[in-house]
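Everything below concerns the one structure shown next.
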Amino acid sequence: PCRVPVNHKCNLPAVCFVWQIAMIILFGVFVRYNEESDTRWIEHRRRKNISTNLENDFYYRYPSFQDVHVMIFVGFGFLMTFLKRYSFGGVGFNFLIAAFGIQWALLMQGWFHYLDDDGKIKIGVENLINADFCVAGCLIAYGACLGKVSPVQLMVLTLFGVTLFAVEEYIILELLHAKDPGGSMVIHTFGAYYGLTISWVLYRPMLSQSKHLQGSVYHSDVFAMIGTLFLWMYWPSFNSAIADHGDGQHRAVINTYLALAASVLTTFAISSISQKHGKLDMVHIQNATLAGGVAMGTASEFMITPYGSLIVGFCSSIISTFGYIFLTPFMEKTLKIQDTCGIHNLHAMPGVIGGIVGAITAASASESVYGQEGLINTFDFKEAVANRTANIQGGYQAAGLFVAIAFGLVGGALVGGILKLPIWGDPADANCFDDEVYWEVRKGLQTETR
Amino acid sequence: PCRVPVNHKCNLPAVCFVWQIAMIILFGVFVRYNEESDTRWIEHRRRKNISTNLENDFYYRYPSFQDVHVMIFVGFGFLMTFLKRYSFGGVGFNFLIAAFGIQWALLMQGWFHYLDDDGKIKIGVENLINADFCVAGCLIAYGACLGKVSPVQLMVLTLFGVTLFAVEEYIILELLHAKDPGGSMVIHTFGAYYGLTISWVLYRPMLSQSKHLQGSVYHSDVFAMIGTLFLWMYWPSFNSAIADHGDGQHRAVINTYLALAASVLTTFAISSISQKHGKLDMVHIQNATLAGGVAMGTASEFMITPYGSLIVGFCSSIISTFGYIFLTPFMEKTLKIQDTCGIHNLHAMPGVIGGIVGAITAASASESVYGQEGLINTFDFKEAVANRTANIQGGYQAAGLFVAIAFGLVGGALVGGILKLPIWGDPADANCFDDEVYWEVRKGLQTETR
Amino acid sequence: PCRVPVNHKCNLPAVCFVWQIAMIILFGVFVRYNEESDTRWIEHRRRKNISTNLENDFYYRYPSFQDVHVMIFVGFGFLMTFLKRYSFGGVGFNFLIAAFGIQWALLMQGWFHYLDDDGKIKIGVENLINADFCVAGCLIAYGACLGKVSPVQLMVLTLFGVTLFAVEEYIILELLHAKDPGGSMVIHTFGAYYGLTISWVLYRPMLSQSKHLQGSVYHSDVFAMIGTLFLWMYWPSFNSAIADHGDGQHRAVINTYLALAASVLTTFAISSISQKHGKLDMVHIQNATLAGGVAMGTASEFMITPYGSLIVGFCSSIISTFGYIFLTPFMEKTLKIQDTCGIHNLHAMPGVIGGIVGAITAASASESVYGQEGLINTFDFKEAVANRTANIQGGYQAAGLFVAIAFGLVGGALVGGILKLPIWGDPADANCFDDEVYWEVRKGLQTETR
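Chains as they are written, first to last, in full-length UniProt numbering: chain A, 1 to 450; chain B, 1 to 450; chain C, 1 to 450.
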C-alpha cells in the first residue's frame, strides 16, 4: 500500500557512506586533540604550573556536556515520537541527523573558532558541547518538517543547517560580540526560521490525505513526555554549559530553573482556559512548558533577578500556548506553512522574546547592579570591545537577533529550494507521517489480547 | 459519558494564574541571588581569598541537583503512569504541582533558613536541591490520592504541604538538631502520613464504580518501570545531595547503593512467594525495590557499615512488599484509607524504619568508631549543641520522627477537610482514574492494526 | 495455558533470600569503608596534607558512576524490552541480576584488588563503578538467553559470571598488565562468549513453537530505543569512568563520542542497503549503532587520533550490522546457537575488534607521538613493568584478548552444563519469550478503545 520512492534504495546508504568517509578524511586532515586531551598534557601542566590533574577543565564541563547530550538525543528524539505512526522516524531520524551533524559541526565550528597556528582544529570537551548545541538548530528545523521529508532530505538539511549555523554564530558571537550562552538567537531563532521557511517552500497542498495519521495515540503521548521532561529538567544545564565558570554558570542555572517553573503553571492555565470543558491538551503540556527555557537563553547569565526570570517564563508560555491554539492553524491555512511540531510556538517566538529580553537587560545593565568588575566580566568588555558600554551592547544584541532571523529565512529559502528537487525520495502526500515508508514495521502492531 | 465538573473550567486557570503572579510578586520582594551567583562574586572571592572560580560550590552540588531533579520529575512522574487510563494525569499533574511547589518551597524554606540581614532570601544551587526535596513530600502525598482528586485540589494540597514541610523541617533540623540528609523523616514519613490522612478524609465508598480503570495495561507497567529505575539509580544522589562534603557524601552514596541492592532481591523473593504459581507482581517490583532508599535516608551519613546498610534494605523491603500484599487491602476495607499507589508501603513504613534506624545508630555512635573529630563532624556537635552526646542525639532523632508523623497526621486532617469542600471539581466516583475528565484524549487510543 | 514449572514456586524466593543473607554475612566479615568514606577521613586528610574536602576523589568520579549506573539499569534493561511479550522479563530480570551481581562483584573484585592489610575490603565510589562494570558482562550474556531461561538460572549465570569475570579481569589487568578501561576485552568479549556458549549448550530445537512471540510490536520497539539512546549517550562516560584523571579521561570521551557518531551513519547505511525497498530495520538501529562504543573500549585512552576513532566506529558497525543480517540466522541454523538479542554482533565481534585495535595501537605507540612521560603514564610503564616497550605491550594486549575469549568459552560451557540440569524451572519451548510464565499479567493488555 505504501508507495516507496523508486530511487530511495540507493540514496540513503550512498549519502551516509560517502559523507561518513568524507568526515574521516577531513578529520584526518584537520582534527587533533587539544592540550588538555593530549598525552603531552603533563608537560603542558608543568609549563602552566597546574598543580593537579583535577584542575583539568574536564571535570567542570563534563557533567554539563552529558546533560546537553541527553537533551539532544533523548529530549528532542522522544519529543518527536508523539505521532501515532511516526515514532520510529521521530526518534530514529533525530538520531541519524544528530550523529552526522555533530561531526560536521566539530569541523565547521573548528574552522571558525578553534583553528590552531598549525592549521589543525584542536578539540576538547567544550567542542563536544558546542557541536551538540549546533546540531540542536537542525533538530528544531526537523520539527517543522517531521513526517514529510525523507532521511536524505534531512541529511541535506543538516549539512547546510550546520554550515549556516557556524557562520551566523561566528557573526553574532565573534563579530558583533553579542552574548548568547543558551542560544535563544543563534540556536532557537535561527533553527526555527530555517525550518519554517523550508516547510513553506515544501508546502504540500494535499497533505490532508494523511490526516488520519497526524494525531497521537495514548501511549505515543506518554513517550513524548519523556522527551519533554528530559528537556525541561536539563535545560538549566543547557543554558549554563558554556557560561563563565563561577557566578555566571550559577546564575544561568537559577534563572533557567525559575523561568521553566513559571512556564509550567502558565501553560496549564492557558491550555485549560482555551479548550471546551476546560480540558488540558497534551500538545501544549509537551511543548509550551519549555518556552521559558528557550526565552532565557540569551539573558541567562545576566542579572535579570529571580523574579525577572519568572516573568520571562510567564510571558513566553502564554504566547507559546496561544500560538498552538491560534497561530498554527492560521499559518497552515493562510501562510501555507505546515509546522508539524509547532516549532514556531516553541522556538521561533520564545527565541525572539529571548533575544529581545537579552537586548533590553544588556542595555539596562549598570555598574550599581553588576559591580564594576562584574559588568566587565559578564559582558566580556575586554580587548577589542573594552570601550563598549552596556547601552551599546544592547544594540549589538538586537543586531544579533536580526542576523539570526535573516540567516534562518534566507538559508531556509535556499535549502528549501534544493530540497524541492524531485530527486530526494520524499513520501507521497498520502504516506506522510507513516513509518512504513522508511521502516520495516512488523505486522500485528499492538500487544495481543489474550 | 464523563461528567465534567461544572465549575472546573475557570478554577484551574484561575488558580494557576493568580498563584504564579503571586509568586512573581513575592520573589520580587524577597528573593535575590546569593554571593556565589551574583556578579559581585569576584569581589567576594577576593575578600575570602578563594583562588579560582572552580572552588565555587556549584561544581560539587550541581550534578547531585540534576540527579534529584530527574527523580522528582521523571522518577515520581513516570512511577505514577502505571494506571491504564491515568498516565497523562500521573506524569502531567506531577509536573504541574512539582513546578509550583519548588517556587513556593524556595520562599518558605528561604524564610526559615536563608533569610539574610537585609530581609532578602539569597538563593543558590543548594536551595534548588532543597526545593526539590520539599516538593517530594507533596508528590508522595499525591500518590495516595492519584486518580481521585482534581488538579486544583492538588495545587491546594501542595500549597499547604510545602508550608507544613518547611515548618516541620525547621523544627526537626534546626530546633531538635536531628540529622536527616535523605529525609526518611522530614520527606517520606511526613509526606506519606500527610497523603494518607487526606485520602482517609476524602474516602469514597463507591470507588468500586471505577474499578475497571484501577489496573494497569502491559505498556503502562513498562512506563512505570522508567520511573522506578530512575528513582532507584539516582537515590544515592538523593541521600547524599546535601550531605557534608568529603567523607559524609561518600558514605551516604555507598550506604544507599547497598540498601537498594538488597531491596531488589528481597522484593523479588517476597513477591514470588506470595502469589500463586510463584509469579512476580509488577506492583511490588515497581515500588518495594525502592524501600531501602527510603529507609536509608536518615542514617545515610552515619557509620552504619556496609552490611548494616544491606540489612536495612533487606528488612524494609520485606515489610514493604508484605504491605502491598496484606496491608493495602486491609487499610482500604477496614480503615477506609484508599491508597492508590501504596505509599503506606513505600514511604510511610520504610520512612518510619529509617527514622528508627537513624535514632538507634545515632544513639550507639561512639568515638572509637567515628573518631573524636569524626563524631563531632558527623553530628555537627558544635555551637548550641556542642555538649550533646550521641546518646542524647538518638533521643532527639526519635523526637524528630514523632514530629514528622504528627505534622503528617494533623496537617493531613486539616487539609483533607479543606479539600472535602464541594468546590474543587473533583471527579465523580465513576470517573476516577480516568484521564478524560481533565484531558483531551484522542479517539482511537491504540495503534491501528494494518 | 501456560505450563508453570512445578518447582518454580519455592526456588526463586529461596535463592534470593539465601543469597542475600549470604551477602549480608560476607559483607559483615569482609567489607568496610575506605579512607575517603570513613569518618576518620578528616584525620587522614591532615596526615596527607589535603587542603579541602573538595579534593576527595568523590567529586571527580561520581558523575561518571551515575552515568554508568544508568547504562546498567536503564540502558541494558530497556534495550531488552523490545520483545512484544517479554518486556517485564527484559527490564525486570535485568534489574534482579544486576542488583545481585553488584553485591557479589564488590566482594569478588574486592578480594582480588582491594584487600587491605587487615584482611578487609575497603570500598569507595570507584568500587561501585567497577561493580557496575563487572555486572555488565553478565547482562550481555543474558542478552543471548533472553526469554529462554528462568530467573533462577539467571541468578546462577550471574553468580558464576561475576566470579569468572573477577578472575579474568585480574589476569588481564594485573598479571598481563594490559589496558582495557572500557572493557572491550574483559567486559564485552568475555560476556558475549560466555552468553553465547551457554546459549549453545541450552540449545532448544523446538524453539519455533514460540515463534509468534519472538518479534516486537510498535511500542516495544520505541521502549527499546530508550535503552539504546541511554547506552549511546553515556558510553563516553563508560569508557572514561576509571581512566586516568587528566588527559586520559578527556581523550577517552572524545574517542568514544566520535566512534559512536560514525557508527550511527554506517548502521543506517547498511541497514537500508540490505532490506528490500531500502527500508530500515529497528533491530539494527537499536544495536549496531552502539558497536563503536564497544570497539573503542580498549584503546579509548590511547592516542588513536580523532579520525582513527571514526574509522573504528565505521568498521565495527559495518561488521555488526552485517552480523545481524547474515550471521545470526546462520548461527542459529548451522551452529545451533540461539542468540535472542544478537550479542554476537553487538558485543562479541566489536569486542574482539576493540581488543585487536587496542593491541595494534599499543604496539605502534611511540615517544614521538605520546611524549616520553606521556607514554609511561598512558601505559603505566612503572614498577614491575617499567622496562616494557610499547611493542611488547601490544603482545600482552593480544594475550589479554585470548584470555577473555577463553574464559568466555570455557566458563560458558561449564555454567551451561550446570544450567542444563532439569531443576531450574526454565520455560517450555512453547512458553519462551512469554512474560506470563513468571509474571502476573493483567487481562486486557491493551488500552481500551472508547
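Note that CB positions come from ideal geometry on N, CA and C, so glycine has one too.
field: 3 or more residues per run - each beta strand (DSSP E) lying fully within the segment 74–123 of chain A
entry: 121–123
field: DSSP state of residue 61 of chain C mapped onto helix, strand, coil
entry: Sequence index remark: in the third sequence, residue 61 of chain C carries index 61 (1-based). Helix.
- request: Kindly indicate if chain C contains any beta-carbon less than 7 Å away from that of residue 215 of chain B.
  value: Locating residue 215 of chain B in the second sequence gives position 215, where the first residue counts as 1. Interface residue, yes.
query: Run through DSSP, which three-state label would residue 176 of chain C get?
result: The sequence position of residue 176 of chain C within the third sequence is 176, counting from 1. It is coil, neither helix nor strand.
message: Helix, strand or coil, according to DSSP, for residue 207 of chain A in the structure here?
response: Residue numbering aside, residue 207 of chain A sits at position 207 when the first sequence is read from its first letter. Correct three-state label for residue 207 of chain A: helix.
task: For residue 360 of chain A, decide whether its Cβ has a neighbour in chain C, counting only Cβ atoms nearer than 7 Å.
output: Walking along the first sequence from the start, residue 360 of chain A turns up at place 360. Not an interface residue.
- prompt: Taking just the CA atoms, how far does residue 292 of chain B sit from residue 285 of chain B?
  reply: On the second sequence, position 285 is the one that residue 285 of chain B refers to. On the second sequence, position 292 is the one that residue 292 of chain B refers to. Cα-Cα distance, rounded: 13 Å.
message: Between the segment 210–218 of chain C and the segment 64–76 of chain A, can you find at least three pairs of beta-carbon atoms closer than 8 Å?
response: no
query: Between the segment 326–349 of chain B and chain C, which residues of the former have a C-beta closer than 7 Å to a C-beta of the latter?
result: none
query: Any beta-carbon of chain C closer than 7 Å to the one on residue 61 of chain A?
result: Stepping through the first sequence from its first residue, residue 61 of chain A is reached at position 61. For residue 61 of chain A, the answer is no, since every Cβ of chain C falls outside 7 Å of its Cβ.
- prompt: With 16 as the cutoff for other CB atoms within 10 Å, does residue 116 of chain B come out buried or exposed?
  reply: As a working mapping, residue 116 of chain B is identified with position 116 in the second sequence. Burial call: exposed.
field: Completely contained alpha helix (DSSP H) runs for the segment 370–436 of chain B, where each covers 4 or more residues
entry: 372–379, 390–420
- prompt: Out of curiosity, what's the CA-to-CA distance linking residue 230 of chain B and residue 70 of chain C?
  reply: Residue numbering aside, residue 230 of chain B sits at position 230 when the second sequence is read from its first letter. Residue numbering aside, residue 70 of chain C sits at position 70 when the third sequence is read from its first letter. Spanning the two alpha carbons is a distance of roughly 8 Å.
task: Provide the residue(s) that pair with residue 32 of chain C in DSSP beta bridges, ordered along the chain.
output: Translated into the one-based positions of the third sequence, residue 32 of chain C becomes position 32. Beta-bridge pairing links residue 32 of chain C to C:122.
- prompt: Given 8 Å as the limit, is there contact between the segment 244–254 of chain B and the segment 47–62 of chain C, that is, 3 or more CB pairs closer than that?
  reply: yes
- prompt: Under three-state DSSP, which class holds residue 2 of chain B?
  reply: Position 2 of the second sequence holds residue 2 of chain B. Any reading at residue 2 of chain B must be qualified, since the residue scores a pLDDT of 45, below 50, and its modelled position is unreliable; no value is offered.
Proximity test, Cβ basis, 7 Å: residue 158 of chain B and chain A: Reading the second sequence from its first residue, position 158 is the one you call residue 158 of chain B. No, its Cβ sits nowhere closer than 7 Å to a Cβ of chain A.
task: State the CB to CB distance for the pair residue 197 of chain A and residue 348 of chain A, rounded to an integer number of angstroms; the pair is presumed to be in contact (CB under 8 Å).
output: Along the first sequence, one-based indexing puts residue 197 of chain A at 197. Along the first sequence, one-based indexing puts residue 348 of chain A at 348. No, residue 197 of chain A and residue 348 of chain A are not in contact; Cβ-Cβ is about 11 Å, not under 8 Å.
field: Closest by C-alpha distance to residue 61 of chain A, when choosing among A:52, A:108, A:220, A:246
entry: For the purposes of this step, residue 61 of chain A is identified with residue 61 of the first sequence, where counting begins at 1. Ranking A:52, A:108, A:220, A:246 by Cα distance to residue 61 of chain A puts A:246 first.
message: Counting only Cβ-Cβ distances shorter than 8 Å, please list the residues of the segment 285–317 of chain C near chain A, keeping chain order.
response: 285, 289, 303, 305, 306, 307, 310, 311, 314
field: Beta-carbon neighbours of residue 124 of chain A, restricted to chain C and to distances below 8 Å
entry: In the first sequence, residue 124 of chain A corresponds to position 124, counting from 1. Result: 250, 254.
query: Using a beta-carbon distance below 7 Å, is residue 101 of chain B in contact with chain A?
result: The residue given as residue 101 of chain B occupies position 101 in the second sequence. No, no contact with chain A.
- prompt: At which residue ranges does the segment 246–289 of chain A contain complete beta strand (DSSP E) runs of 3 or more residues, listed in the order of the chain?
  reply: none
task: Compare the C-beta of residue 416 of chain C with all C-beta atoms of chain B and state if any pair is closer than 7 Å.
output: On the third sequence, position 416 is the one that residue 416 of chain C refers to. Chain B contact via Cβ: absent.
- prompt: Is any beta-carbon of chain C found at less than 7 Å from that of residue 28 of chain A?
  reply: Locating residue 28 of chain A in the first sequence gives position 28, counting from the first residue. Yes, because at least one Cβ of chain C sits closer than 7 Å to the Cβ of residue 28 of chain A.
- prompt: What's the call for residue 423 of chain B, buried or exposed, on a 16-neighbour Cβ count within 10 Å?
  reply: Stepping through the second sequence from its first residue, residue 423 of chain B is reached at position 423. Exposed, because fewer than 16 other Cβ atoms sit within 10 Å of the Cβ of residue 423 of chain B.
- request: Would you verify that the beta carbon of residue 20 of chain C is, or is not, closer than 7 Å to some beta carbon of chain B?
  value: In the third sequence, counting from the first residue as 1, residue 20 of chain C sits at position 20. For residue 20 of chain C, the answer is yes, since a Cβ of chain B falls inside 7 Å of its Cβ.
task: Consider the Cβ of residue 86 of chain A: report whether some Cβ of chain B lies at a distance smaller than 7 Å.
output: Working through the first sequence from its first residue, we reach residue 86 of chain A at position 86. Not closer than 7 Å to any Cβ of chain B, the Cβ of residue 86 of chain A fails to qualify, so no.
message: Give me the DSSP bridge partner(s) of residue 439 of chain C.
response: Residue mapping note: residue 439 of chain C aligns to position 439 of the third sequence, counting from 1. Beta-bridge pairing links residue 439 of chain C to B:280.
Inter-residue CB distance, residue 453 of chain C and residue 346 of chain C (contact presumed, cutoff 8 Å): A query on residue 453 of chain C cannot be resolved here, the shown segment of chain C reaching from 1 to 450 and no further.
field: residue 335 of chain C beta carbon near the ligand SAH (any heavy atom closer than 6 Å)
entry: This structure simply doesn't include the ligand SAH, nor any ligand for that matter.
query: So which residues of chain C does residue 74 of chain B contact, with C-beta pairs closer than 8 Å?
result: Counting from one through the second sequence, the residue named residue 74 of chain B turns up at place 74. Going along chain C, no residue has its Cβ under 8 Å from residue 74 of chain B, so there is no contact; the nearest lies around 10 Å.
message: Which residues in chain B have a C-beta closer than 7 Å to the C-beta of residue 53 of chain C? List them in chain order.
response: Here residue 53 of chain C refers to the residue found at position 53 of the third sequence. What residue 53 of chain C touches in chain B: 245, 246.
task: Grab the span of the alpha helix (DSSP H) containing residue 48 of chain C for me, first residue to last.
output: Looking up residue 48 of chain C in the third sequence gives position 48. Residues 41–48.
message: Quick check on the burial criterion: 16 or more other C-beta atoms within 10 angstroms. Buried or exposed for residue 334 of chain A?
response: On the first sequence, residue 334 of chain A is found 334 positions in, with the first residue counted as 1. It is exposed - the Cβ of residue 334 of chain A has fewer than 16 other Cβ atoms within 10 Å.
- prompt: Since residue 238 of chain B is in the alpha helix (DSSP H), which residue starts that stretch and which ends it?
  reply: Along the second sequence, read from residue 1 onward, the residue named residue 238 of chain B stands at position 238. It spans 218–240 - the alpha helix (DSSP H) in which residue 238 of chain B sits, taken as one unbroken run.
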